[in-house]
Structure formats: C-alpha cells, structure tokens
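Written below as structure tokens is the structure these notes are about.
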Amino acid sequence: MTTRSAAHRTVIVGAGIAGVSAAAALRSSGYEGAIDLLAAEPELPYRRPPVSKEIVRGDKTADEIRIKKAEWYAEQSITLRTGVTVTSIDTEARVVRLGDDETLLYDQLLLATGGRARSPWSAPGVRTLRELSDVPSLQAELTGGHVIVVGAGLIGSEIAASARGLDCDVTLLETAALPLPRLLPPELGELYVELHKSQGADLHTGVMVSTIEPDGDQTVVRAIDGRTWTAPVVVVAVGMKPNIELAEAAGIVIAPPDQGGGILVDAHGRTSAPEVFAAGDVANQPNGVLGGRHRVEHWQGAQNHGTAVGKVMAGGDSAFVEVPWCWSDQYGFNLQVAGWPEGSHDLVVRGSLADRDFVAYLLDDGVVRGAVSIGRPRDIRTARAWIAAGERLDAVLEDGPTS
Ligand SMILES: Cc1cc2nc3c(=O)[nH]c(=O)nc-3n(C[C@H](O)[C@H](O)[C@H](O)COP(=O)(O)OP(=O)(O)OC[C@H]3O[C@@H](n4cnc5c(N)ncnc54)[C@H](O)[C@@H]3O)c2cc1C
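Just so we're aligned: the sequence shown equals residues 19 to 421 in the working numbering.
Take a look at the structure:
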C-alpha cells in the first residue's frame, strides 16, 4: 500500500455512481490528498435506475434518489463541483481543462464519464431518457396519451411499463425477435412478450426503424418494411454511447466498437496513460470470472468497479473480479440476471415460468455461467457464488438439475 501525502491531488471526471464510489473508496482507504469531483450535470449526484421507474411515474422526487446527502461531500473533504464539464486532458502535463477555460493539475485522474443516450433520430416529438433533466418534458407528455417506445431493452421496457402505469397507450417497437435481447436467452425473452401483452402494451418485434419524422403535432415512426406508427411522443431507447471523446482526444487507448467500445482498462482500472484510470459504464474491463472483456452497463457493476478503482488509486493493489449482476423492474416484477448470458448456454429452470416465479441456470457444458430469475433474489445470490467458483450445477443442486 502506497501512502499519498496531503499535497497529492485526485481529479474525478463524472459524478455518477462510479465517480462517487471511487471518491468514497479513496477516503475510506485513508487517502489524504485533495479530491475534486467534477460533474457535468447541474444536480447533486443521483441514482439513475429510478429515473425510468419511480421518477418518471412521479412516485419519487429527485431528492429521494440522491447518492449521498449534500453535506457528505464536505464531511469527506471532497470538492464536488456540479455543472462543470471537462473539455480536455493533457496527460503529459497532467492537467484537465474545464469548460470555462479553468485548468486543474492532477496527480491522478479518474474518468468516470459514463455514457449518453443514443438517438439516431431527432424531431420535436422525439425524447430519450437517461438524466433527471430529461424527465420533466417527458412526464408532461405521459399523461394518458399515446407513446411509442423504440427499443425493448432494459430501459425501453421499463419506460413502456411505467407509461402503462400512467394509463398511456403504449406501442413498443424492437428490432430483435424478442424483448431484452442482450439480457435474456430466447426462452425467457418469450416471457416478456407475454408480460407486455398481458399489461396492454402493443409490442412489435423484428421492427427495423428507418425514420422518425414530425407530421403536424404527431410523430411518425417508419420501419424499413414500410409499416408506420404515429403518436405525439416517441421515446428512443436504443442504447447508450460511452463518453470516450475526452480520453480519445488525449490519445488514451479505446476498445474497438465491436468489442464493446469504451476506455480500455486493466484489471486495476488503469488506462494506457500514466496515472489515468477509468471506471463504470465507460470502462472496457477484463472479466476475471467469465474471461474476455466487457463494458458493463449495470448499476452494481459501476458502483463496485468505482469502489475497486478508488482503492487502487489510494494505493491498493487488488484486481477487480466480479460476476456481473443487474436487475430490472417492470409491471411489478423484479427480474435479476447474473453472469453474461449467451445464446449457446443450456437452460435449466427451477420454479414456474408461467407464474413468473423461477430461477433459470445457464450452463456451459454443465458449468453454471449465468442465472436469470423473477422473484427469487436469494437464488441469484447463490448462483453468483456458483458462477464465481465455476461450479457444475449437478454438483451443487441437492436434488439434481430438473426443470
Ligand atoms: C434510466 C436508466 C435506468 C437504469 N436502470 C437500471 C437498473 O434497473 N438496473 C441496473 O443494473 N442498471 C440500470 N441502469 C444502468 C445504471 O444506471 C448505469 O450502469 C450506471 O448509472 C452507470 O454509472 P456511471 O457512474 O458509470 O456512469 P453515469 O451514470 O453515466 O455517470 C457519468 C457522469 O459523468 C458525467 N460526465 C460525462 N462527461 C463529463 C465531462 N466531460 N465532464 C464532467 N462530467 C462528465 C455525466 O454527465 C454523468 O453524470 C439504468 C440506466 C438508466 C439510464
């Protein structure tokens, strides 16, 4: 463990969960230097997952989803600056430049810049949902009218569910054959076809959207096969773009897009530039359990990666090793996914798919590589331990793998 003196300075760009967790870990690991936490958003840092759930439905206020209370930053001697955008980095001079041309010297730098919503289309009625500032205009439009959601991934599906909860007519369009294509194997994707239908959302899969254009006070979504859907508001939820531009311009190595993109880091969060680290959604990281590299876009992954990298920046040397885990809440059902599901995995189901009360283990040659559950969080916790240990399902399930 290296000791850093009080004269040492850490600059953290981005105050999402990865940036805040890293700052907290630096302090809890005994780091005594200065910490500048720079946040482009004007808000006190907040938890993003409720934005597509409780916040958009109006069930929670922004103040109820803060990551930390305002006073915590001062108590921890962390200088939080909101509404401040870093515009460039000089990794040789160890300087970051801010939007107003102010410069800050650093001894070590963390890029926790996350991502922004992708939207290939823009028109007056087109919305995306990633930040709290996206909510007010969308909320004003989700008052019982008709909304089209493009993309039935995690966020699009949640927006569709929230909009149904607000009595909107919902049309949900997805390019893949099934909803949640990046999270679920086909057998389980089918469940979400049924779920959306049973809750009154009009789901269309296999839809390749070509254009979204205004037509009077309506917005028209056109697919390449000629089908069209029209509504006053269209929410585009087709994924996020990692905020890599700062790093790229500074000459820091970026992962190729077909490998997930993002800032390439090692198991300790180090980038290709000296004393520059990256964490959270923006980081393309090796997975110590499953092998390969991933850019994880999940809350707990960003939180734990930020914590792990913060500890390294404080002088620790532990690699980040974690079985990915995420959840999604739709129509009152809590979905949890552990590991990194792939189409080639065999599926063994415990419980009832029809009752939406099950855990499904994803096996590679009998070894547990992933698990999906609705309503059985304890089984997911256990499955994560099995995945980490490389257990065979028939060795750990007491009465053998039966469906
Ligand atoms: C609507 C929504 C719902 C979600 N729901 C779930 C869920 O149910 N379950 C789950 O597991 N995950 C969920 N996620 C994913 C999860 O929220 C993210 O994985 C997590 O927030 C990523 O954290 P991060 O700190 O890496 O990045 P971010 O949260 O993106 O934070 C990065 C911050 O850096 C700032 N920044 C970027 N560039 C600069 C710059 N140049 N200067 C200063 N600041 C900068 C950005 O403004 C941003 O505030 C959801 C995401 C969204 C958007």
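Yeah, the Cβ is synthetic: ideal placement off N, Cα and C, and Gly gets one too.
Does the beta-carbon distance from residue i to residue j come in below 8 Å?
i	j	result
residue 189	residue 173	no
residue 84	residue 56	no
residue 35	residue 224	no
residue 31	residue 114	yes
residue 54	residue 105	no
residue 239	residue 308	no
residue 135	residue 231	no
residue 210	residue 197	yes
residue 130	residue 401	no
residue 320	residue 109	no
residue 289	residue 270	yes
residue 333	residue 405	no
residue 214	residue 178	yes
residue 377	residue 391	yes
residue 101	residue 60	yes
residue 259	residue 132	no
residue 156	residue 252	no
residue 380	residue 203	yes
residue 301	residue 281	yes
residue 44	residue 331	yes
residue 92	residue 62	no
Considering only the alpha carbon of each residue, which of the options lies closest to residue i?
i	options	result
residue 360	346, 386, 339, 337	386
residue 407	310, 348, 306, 316	306
residue 264	128, 363, 241	128
residue 170	262, 288, 255, 291	255
residue 125	22, 138, 258	22
residue 183	205, 76, 282, 392	76
residue 286	328, 246, 120	328
residue 118	103, 398, 316	103
residue 168	398, 157, 145, 391	145
residue 58	116, 138, 67, 91	116
residue 396	409, 375, 413	375
residue 336	284, 349, 351	284
residue 70	33, 347, 291	347
residue 147	88, 91, 66	66
residue 384	364, 101, 214	364
residue 227	340, 137, 202, 95	137
residue 158	123, 86, 186	186
residue 94	316, 121, 201, 48	48
residue 277	291, 339, 304	304
residue 399	33, 355, 291	355
residue 403	372, 44, 368, 340	340
residue 175	153, 201, 154, 162	201
What is the rounded straight-line gap between the Cα of residue i and the Cα of residue j?
i	j	result
residue 164	residue 151	22 Å
residue 38	residue 28	13 Å
residue 421	residue 415	With a pLDDT of 46 at residue 421, under the threshold of 50, the predicted position of this residue should be treated as unreliable, though the coordinate-derived value follows. Distance between the alpha carbons of residue 421 and residue 415 is about 12 Å.
residue 180	residue 207	19 Å
residue 275	residue 236	34 Å
residue 41	residue 81	21 Å
residue 299	residue 388	20 Å
residue 419	residue 366	Any reading at residue 419 must be qualified, since the residue scores a pLDDT of 49, below 50, and its modelled position is unreliable; no value is offered.
residue 195	residue 73	29 Å
residue 46	residue 295	18 Å
residue 78	residue 220	27 Å
residue 394	residue 50	42 Å
residue 64	residue 233	36 Å
residue 250	residue 344	32 Å
residue 160	residue 143	12 Å
residue 413	residue 351	30 Å
residue 312	residue 245	35 Å
residue 411	residue 342	19 Å
residue 353	residue 279	26 Å
residue 229	residue 205	31 Å
residue 257	residue 291	28 Å
Would you list the one or two residues that DSSP bridges to residue i?
i	result
residue 53	28, 96
residue 379	366, 389
residue 127	29, 294
Check for me: the alpha helix (DSSP H) holding residue i runs from which residue to which?
i	result
residue 397	395 to 407
residue 354	That residue, residue 354, is in no alpha helix (DSSP H); its beta strand (DSSP E) goes 351 to 357.
residue 322	317 to 331
residue 412	411 to 414
Counting along the chain, where does the beta strand (DSSP E) carrying residue i start and finish?
i	result
residue 160	Here residue 160 belongs to no beta strand (DSSP E), and DSSP marks it neither H nor E.
residue 247	246 to 249
residue 228	227 to 233
residue 189	187 to 192
residue 238	236 to 241
residue 135	133 to 135
residue 301	301 to 304
residue 259	258 to 260
residue 107	104 to 108
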